[in-house]
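Numbers in our numbering are just positions in the sequence shown, counted from 1, shifted up by 310. The beta-carbon is built from N, C-alpha and C at its ideal position, and this holds for glycine as well.
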Amino acid sequence: MQHRIIVLGAGYTGAVAAGRLAKRLHRDDVTITLVNAEPDFVERVRMHQVAVGQELRARPFSEMFAGTGVTLKLARVTGVDVDRRTVTVTGTESAPGTDPGTEELAYDTLVYALGSAWDTHDVPGVADHAHQLASRPGALRLRERLAELSAGATVTVVGGGLTGVEAATEIAESRPDLAVALAARGELGDWLSPKGRRHLAKVFAGLGITVHEHSGITAVDADTVTAGDGRSLPSDVTVWTTGFAVHPMARATTLELGDTGQIVVDGTMRSVSHPDVYAIGDAALVMGPGDKPLRMSCASGIPTSWQAADAIAARLTGTKIPHAPLRYFNQCISLGRKEGLIQYVTADDRAVSAALTGRFAALYKEVVCKGAAWGVANPTMGLPTRRRRTAQPRTTDTPTPAEASA
Ligand SMILES: Cc1cc2nc3c(=O)[nH]c(=O)nc-3n(C[C@H](O)[C@H](O)[C@H](O)COP(=O)(O)OP(=O)(O)OC[C@H]3O[C@@H](n4cnc5c(N)ncnc54)[C@H](O)[C@@H]3O)c2cc1C
């Protein structure tokens, strides 16, 4: 009997985990089903580029996973029952005795990688009037809206974090005719090194971006945003980038979650409440160096997918579980297409004094984005295929001798 592995979500982490599992495990012993709502891979880290009209290379999963042994299921996940070990999906061929288009899939091991969406923080007017970059549909809607704007129109990016900085510079560079502003709760780049902050301020000034510091936005209307001190700022288009919220699906399960709704996992990405469930990427609450939760990012998410895939494979084959490095090295920030900033950081993501700036940093960031997409298509990063036979295909989760001694 084959061991059934289902991976939910084919973003950066789910796609990597599925491919890596297929390389690690023997096809006669396991089935690997990758469920995703969209037919092609979305390079989420480039959504600000999509919003300003740049075209990204199409990356259909049918090509990426051809011949790998991963079965792709194009469907929307509508429910997960971790006690019955089933997943409900819609948008598929209807199965006998079910609603049209609805199907229930049973698993022995589940990898939950449904990622995240924008977080409105329930600020009044955001859901109705603001745009977002956390998803491709959101980026495409913003692209249409930006294309409608005539010279002099105001665009306010709310949120001074990495996504806000990248969005504001990308928009200002591609549309110098617009009045672009960034509203930040703190100061521009206040988490960066002095060199990083100076560079950011220089690029913002060069692109003519107005910065509203100490300006938490408390309301959004069709043509204004309101700051906490009552100031009303003009904004024909508001782009909301104040962080990400995880998919709500996990909240409807009995999985142990953190306050953020992320699934609490151990160092192998295994749910602490349900050992046959693994969570990776934005969906997982992973403790990193300094006992701090990893922030939602590809930089930290992709190693969680390596870790989960290797732990699942090791547990099934009765081999020793390897450990992927879960730490930070740098923050790679695009500032439009011509400028960039590579801020080196400690293992727990605090800026150190070293930073790269300028065109070389822009190129470095481009290589990182390309590398992340390449890693999705080539999940073992050039490692030789080592498909091991499982010790015994399992439908129950009894610890192997290797686990017991790990
Ligand atoms: C504009 C922008 C710039 C960014 N820049 C960087 C950066 O420079 N560096 C960095 O490290 N991080 C960056 N990030 C963050 C990074 O993109 C995320 O942390 C990363 O995508 C998380 O990967 P994931 O696999 O957990 O989730 P995702 O990549 O979000 O993948 C989730 C997948 O699940 C699918 N899915 C969701 N719900 C369902 C459902 N119900 N049914 C079926 N499928 C579903 C989605 O279609 C998607 O394919 C950026 C994010 C944005 C938005």
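In this structure, residue 565 lies near residue 392, with their beta-carbon atoms less than 8 Å apart.
Taking 3 residues as the minimum length, the beta strand (DSSP E) runs contained wholly in the segment 546-590 are 547-550, 554-556 and 587-589, in order along the chain. Residue 437 sits exposed, since fewer than 16 C-beta atoms from the chains shown fall within 10 Å of its C-beta.
Under the criterion of beta carbons closer than 8 Å, residue 679 and residue 355 qualify as touching, at roughly 6 Å.
Residue 357 has its Cβ nearer than 7 Å to a heavy atom of ligand 1. Straight-line measurement puts the Cα of residue 314 at about 11 Å from the Cα of residue 380.
Under DSSP, the beta-bridge partners assigned to residue 597 are 603. Relative to ligand 1, even the nearest heavy atom lies 7 Å or more away from the CB of residue 502. Within the same chain, Cβ atoms closer than 6 Å to the Cβ of residue 358 are found at 443, 476, 477 and 480, the five residues on either side in sequence being excluded. Per DSSP, residue 491 is one residue of the beta strand (DSSP E) stretching across 489-493. A contact between stretches requires three or more CB pairs, one per stretch, nearer than 8 Å, and the segment 630-650 fails this requirement with the segment 325-343. Closest in alpha carbon position to residue 559, among 538, 535, 534 and 589, is 589. Counted as a single uninterrupted DSSP element, the beta strand (DSSP E) harbouring residue 644 occupies residues 640-645. Taking the Cβ of residue 354 as the reference point, at least one heavy atom of ligand 1 falls within a distance shorter than 7 Å. In the displayed model, residue 418 falls within coil according to three-state DSSP, outside both helix and strand. One Cα belongs to residue 570, the other to residue 556, and the distance between them is close to 7 Å. In the DSSP annotation of this structure, the continuous segment of the alpha helix (DSSP H) that includes residue 323 starts and ends at 322-334.
Secondary structure at residue 663: strand, using DSSP grouped into helix, strand and coil. Taking 4 residues as the shortest admissible run, the segment 431-492 contains the following complete alpha helix (DSSP H) segments, listed from N- to C-terminal end: 436-439, 446-458 and 472-484. Cβ atoms of residue 319 and residue 435 stay farther apart than 8 Å, at about 30 Å. Assignment of residue 535 by DSSP, reduced to helix, strand and coil, places it in the strand class. In this structure, DSSP gives residue 630 a state outside helix and strand, which the three-state scheme calls coil.
The beta carbons of residue 650 and residue 665 sit no closer together than 8 Å. In terms of side-chain proximity, the C-beta atom of residue 606 is found nearer than 7 Å to a non-hydrogen atom of ligand 1.
Under the 10 Å beta carbon count, residue 613 is surrounded by 16 or more other beta carbons and is classified as buried. Closer than 7 Å to some heavy atom of ligand 1: that does not describe the Cβ of residue 441.
Exclusion of the five residues before and after residue 332 leaves 342, 378, 379 and 380 as the residues of its chain whose Cβ lies within less than 7 Å of its Cβ.
Sequence-distant partners of residue 610 (beyond 5 residues in either direction) whose C-beta falls short of 6 Å from its own C-beta, in its chain, are 604. At a cut-off of 7 Å, the beta-carbon of residue 593 counts as near ligand 1: some heavy atom of the ligand is closer than that. When the five nearest sequence neighbours on each side are left out, the beta carbons in the same chain lying within less than 8 Å of the beta carbon of residue 395 are those of 416, 417, 418, 420 and 586, in order along the chain.
A residue is called buried once 16 or more other Cβ atoms fall within 10 Å of its Cβ, and residue 496, having fewer, is exposed. For the 8 Å CB-CB criterion, residue 441 and residue 452 form a contact.
If you look at residue 501, you'll find it isn't in any beta strand (DSSP E); DSSP assigns it neither H nor E. In the DSSP assignment, residue 686 falls within the alpha helix (DSSP H) that extends over 668-687. Residue state for residue 614 is assigned as helix, using DSSP reduced to three classes.
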